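Take a look at the structure set out below.
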Amino acid sequence: MSYEKFIFYVFAALLVFSASMVIVRRNPVHSALFLVFAFFNSAVLWMLLEAEFLAITLVLVYVGAVMVLFLFVIMMLDIELAAIRAGFVRYMGVGALIALAMLVELAMVVGPARFGLDKFAKPSPMAANALPNTEAIGEQLYTVYVYPFEIAAVILLVGIVAAIGLTLRRRPEKKTQNISEQVRVKRADRVRLVKMDAEH
Amino acid sequence: MDAILNLWNSFSQDWPTLATLILILLKIVVIMLPLMVLVAYYTYAERKIIGYMQVRIGPNRVGFFGRHAFGLGQPLADAFKLMFKEIVIPTKANRVLFVIAPMLSLGPALAAWAVFPFNEGMALADINAGLLYLLAMTSVGVYGVIIAGWASNSKYALLGAMRSAAQIVSYEIAMGFALVGVLVAAGSLNLSDIVRAQSGSLLHWYWLPLLPLFLIYFISGVAETNRAPFDVAEGESEIVAGFHVDYSGMTFAAFFLGEYANMILVSALTALMFMGGWLSPFQGTPLEPFFAWVPGFVWLVAKTFFFMYLFLWFRATFPRYRYDQIMRLGWKVFIPITIVWILVVGLAVVYQLPWWFD
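From first to last, the protein sequence lines stand for chains G and Y.
306 is the number that our numbering gives to position 19 of the first sequence; each next residue is one higher, with no gaps.
277 is the number that our numbering gives to position 274 of the second sequence; each next residue is one higher, with no gaps.
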């Protein structure tokens, strides 16, 4: 077994293990942390394919930003573990059916009929003088696919604005500082010197 | 010596993979050992410098062999004390995560050094996507804090972790945008190429054309490391010590090491990306030949020490920010400025603005 193959099997096994732990663990925080671990392992697998841009971006975006916010929310929830377990038997039949359907679908897509070395050629290692990954992806994104890319970006922006718009509500009784007002304040606004006779 | 070299040569022919692994491990040790010593003496420098700034003396008792030696033995004494202290794990804490958290806080701070070029061609891994790797590693560091806060099962720890997570995620955006400016200006993600693109003279370094990004990067770096004046994650006056209230002994020391290693990393990166890295400040002046004998590594260390000193200076000078002001600064001030300046840099590169981008 070659060195790369060994690395692949180690991290693939870890990936499958952590991915199944995500759905098996009862505690949602543990599930989220196993998901983080799964992301790391798939980043390693991408790195083995010499897709370093995708691998590092996966860690940067999903591990560094998305999952942090996920954990942030999960940790603040007061989760009743007993309540989660309560409906398990009732919904098991439906769940098993859906799982079975997905399994069949997956088998149809990545089954031996469409997958394998005879269907896809083995990826050849990158030439030493080839364009680095990041540059190659950037060039494609900003020339060939520039419109889909920009439209996707705008849709995301609209999504952000919509999410903020939904949570934004005016509450007149709420008291908050107006920082620009605080910064702009002058001595004359706050202090009033009065002349008065000395008291006896 | 020759005998050892011969032995090594025959060994590396027989076991090429193993030999490469051993070589990489040796290089890691060569980087880590001085870094750990630097972390230890950074704490000493902090206490001493802030002491003098506040007209105190700072640690001056613990020395070597019966001499006080300006208290230089203090970091070693602290390290031994922490190593031999009992690690108390609270009963209701999540034991596994409680122990893993400090490692997660220290690990990324050390892993980031893998792509750092210390001199021309002197990097453990001179990879194409070095800047991306750095961003990824610094963004992973927040997990140590969050997990510690949650695993402690304490209100104060959780509050500290929440504050810290929100703060780090917010400032990471400004930090990332500042680095995008550097990347646009240098036209490369490779850290050595970024330094090479700054060569010319002191005025060619990116601190001048990217001045707003330089300031924002360093201030965001201070916020990312949870240092004063952005240290609300610890906030002794309100939440005792934030995420590490329940930690003791070596687990506490690991958080401490991680924080200081991160400070050194941010200083070194600022020196690398905005202050010309290993380039001599006398480049392009008549003084250049007189300083040609100084290795580039020395310049890099000198610049890094300057920024490390700024961290301490800030702590002694500024009062702690209020939390809403931290968020306002990050989201409403820094991010818009960086976006505008990326546009400016992009136009300057496209139109080949003389001096820097022609």
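Ideal Cβ placement from N, Cα and C applies to all residues, glycine included.
Please read all numbers here as calculations on a predicted model, not as lab measurements.
Put simply, the backbone Cα of residue 324/Y is about 32 Å away from that of residue 443/G. By the Cβ test, the segment 166-182 of chain Y is in contact with the segment 221-230 of chain Y, since at least three Cβ pairs between them sit closer than 8 Å.
Secondary structure at residue 78/Y: helix, using DSSP grouped into helix, strand and coil.
When the Cα atoms are used, residue 465/G and residue 339/G turn out to be separated by approximately 46 Å. Taking 8 Å as the Cβ-Cβ cut-off, the segment 323-356 of chain G approaches chain Y at 323, 339, 340, 343, 344, 346, 347, 350, 351, 352, 355 and 356, given in chain order. Contact with chain Y is absent for residue 434/G, since none of that chain's Cβ atoms lies less than 7 Å from the residue's Cβ. At a cut-off of 7 Å between beta-carbon atoms, residue 136/Y makes contact with chain G.
When DSSP assignments are scanned along the segment 162-206 of chain Y, the uninterrupted stretches of alpha helix (DSSP H) that are 4 or more residues long and fall wholly within it turn out to be 194-199. By the rule that beta-carbons nearer than 7 Å mark a contact, residue 131/Y touches chain G. Contacts with chain Y at 7 Å (Cβ-Cβ) do not include residue 428/G. Pairing residue 187/Y with residue 308/G, the inter-Cα distance amounts to about 41 Å.
Secondary structure at residue 88/Y: coil, using DSSP grouped into helix, strand and coil.
Look at residue 323/G here: in three-state DSSP terms it is helix. Those residues of the segment 432-459 of chain G placed with their C-beta closer than 8 Å to a C-beta in chain Y do not exist. In the structure shown, residue 410/G falls within a coil segment according to DSSP collapsed to helix, strand and coil. For the 7 Å CB-CB criterion, residue 306/G and residue 325/G form a contact.
With a beta-carbon spacing of about 5 Å, residue 285/Y and residue 294/Y fall inside the 8 Å limit used to define contacts. Nearest neighbour of residue 351/G by Cα position, chosen from 322/G, 294/G, 333/G and 336/G, turns out to be 322/G. No Cβ of chain G is located within less than 7 Å of the beta carbon of residue 183/Y. In this structure, residue 122/Y and residue 281/Y form a Cβ contact; the two beta carbons are roughly 5 Å apart against a cut-off of 8 Å.
Close CB contacts of residue 336/Y within its chain, under the 8 Å cut and outside five residues either way in sequence, are absent. Look at residue 399/G: its C-beta is not under 7 Å from any C-beta on chain Y.
By the Cβ rule, the segment 111-127 of chain Y counts as touching the segment 296-307 of chain Y, because three or more pairs are nearer than 8 Å. Under the DSSP assignment, residue 227/Y falls in the alpha helix (DSSP H) whose first and last residues are 214-227. By the rule that beta-carbons nearer than 7 Å mark a contact, residue 104/Y does not touch chain G. For residue 418/G, no CB of chain Y lies under 7 Å from its own CB, so it is not counted at the interface with that chain.
Annotated three-state conformation of residue 446/G is helix, per DSSP.
Distance from the CA of residue 402/G to the CA of residue 14/Y, rounded to the nearest whole angstrom, comes to 42 Å. Residues of the segment 305-319 of chain G that bring their beta carbon within less than 7 Å of a beta carbon in chain Y comprise 316, in sequence order.
Taking the Cα positions, residue 350/Y is about 21 Å away from residue 196/Y.
Taking a 10 Å sphere around the C-beta of residue 265/Y, we find 16 or more other C-beta atoms and assign the residue as buried.
Look at residue 387/G here: in three-state DSSP terms it is helix.
In this structure, residue 152/Y lies away from residue 144/Y, with their beta-carbon atoms at least 7 Å apart. For residue 261/Y, the enclosing alpha helix (DSSP H) stretches over residues 252-277. From the listed residues 58/Y, 154/Y and 94/Y, the smallest Cα separation to residue 102/Y is found for 154/Y.
Only residues of its own chain outside the window of five on either side were considered, and among them 72, 73, 74, 75 and 76 have a CB closer than 8 Å to the CB of residue 66/Y, listed in chain order.
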